[in-house]
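So the sequence shown is numbered by the numbering used here: it starts at 1358 and just counts up by one.
Read through the structure below, which is laid out as structure tokens, and then see the notes.
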Amino acid sequence: MNTGDTAWVLVSAAMVLLMTPGLAFFYGGMTRAKAVLNMMMMSFGAIAVVGVLWVLYGYSMSFGTDAFAGLLGNPLEKFGLAGILATGDDMPLAGTIPEIVFVGFQAVFAIITVALISGAVADRTKFSSWIVFAGIFATIVYFPVAHWVFDLNKDASGKGIGGWLGQGLGVIDFAGGTAVHINAGAAGLALALLLGKRKGFGKDPSHRPHNLPFVMLGAGLLWFGWFGFNAGSALGANGIAGYAWINTLAAPCAAVLGWLIVERIRDGHATSLGAASGAVSGMVAITPACTALTPLWSLVLGLLAGAVCALAVGLKYRLDYDDSLDVVGVHLVGGIAGTLFIGLAA
């Protein structure tokens, strides 16, 4: 066990957990005033539900031995975190850190993924219905997809025994472009289509963001946590973490500029909402690619992601689907852009 690596991953896990309250501010400020508390509670509800399920069977489904032809990990193998709770010399390790620390780090990834989806259905979802959905989505979608992408365990001979996307197909997703952002964005699109549009969609001025300072605060908290999200995925205090950290700075900075340029050309002026959304789009895009690109290529990716996502969020009016807070335009499109860009520039 390496104590420095362990300390860094513990700090990173706390930073990533802070992203969900940050998301509550980000989404809460984007809704109309009467929906803000429900919107923020949806983020905190995700923490509660997914946190419980993760301890019970979520970790086992995500990182247990292959079951059902590799579609998920065995949910009973580590049920209730059985077998990984020792603290002495027999303490199981995940690389150079205790496995229980790895459990905590991956738990907050599951939480933020579910919370992200809530933005697609803001202002038209009951809290009780959201809680039920959060548990179902985590169980039948996130945990299996996390197993496909993040479970990179190998047997004694070095053969991969999990993660058919990450190991079998060689998909590069360092910190969650596929498992987190594309996953959440696709789910958000499905929910938006299923629930239909809000009354006055695209016409009612009351649907505009009611508190832009909340949005900016939320974006700042998200950006802070994202350094733990990406650099913490190195699972060590090392050069890989440093590489991910600098790219997590570079891409969102460029993405802000890309988004604001599009706003200036399209609308005649740049906005604070655009700056916040641009930063998030850059964070999303760099997530899968943060150790695959040089900082210069990260700037290019960020600039492109900001511009592309700024254009994508406007498509909901042309295609007539009500993605309330642009989960599809930012997370689905940004996640796809970052994943595909690896093949072009890495």
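We put the beta carbon where it would ideally sit given N, CA and C, even for glycine.
What is the DSSP secondary structure of residue i, counted as helix, strand or coil?
i	result
I1529	coil
I1441	coil
P1455	strand
G1589	helix
G1408	helix
A1547	helix
L1433	coil
L1509	coil
D1423	strand
L1450	strand
L1428	coil
M1640	helix
A1403	helix
L1660	helix
C1610	helix
To the nearest angstrom, report how far apart residue i and residue j are at their CA atoms.
i	j	result
S1638	W1583	12 Å
F1507	D1561	42 Å
M1358	A1364	11 Å
L1546	D1446	48 Å
G1589	K1556	42 Å
G1631	V1670	11 Å
I1468	R1621	35 Å
D1530	L1569	32 Å
G1615	G1659	7 Å
V1407	T1377	12 Å
M1397	G1575	11 Å
Relative to the C-alpha of residue i, which residue among the options is closest?
i	options	result
A1601	L1442, G1577, L1653	L1653
A1607	S1369, T1644, L1578, I1693	T1644
M1573	W1616, S1634, A1541, L1413	S1634
K1391	P1566, D1679, L1579, N1595	P1566
Q1524	I1539, H1538, H1504, V1537	H1504
L1428	A1642, L1442, L1668, W1521	W1521
Less than 8 Å separating the Cβ of residue i from some heavy atom of the ligand MG?
i	result
A1439	Among the components of this structure there are no ligands whatsoever, and the ligand MG is therefore not found.
What does DSSP give as the partner residue(s) for residue i in the beta ladder?
i	result
D1679	The partner list for D1679 (beta bridge, DSSP) is empty, contrary to what the question assumes.
Does residue i have its Cβ less than 9 Å from a Cβ in chain E?
i	result
L1413	Of the chains in the structure shown, none is chain E; there is only one protein chain.
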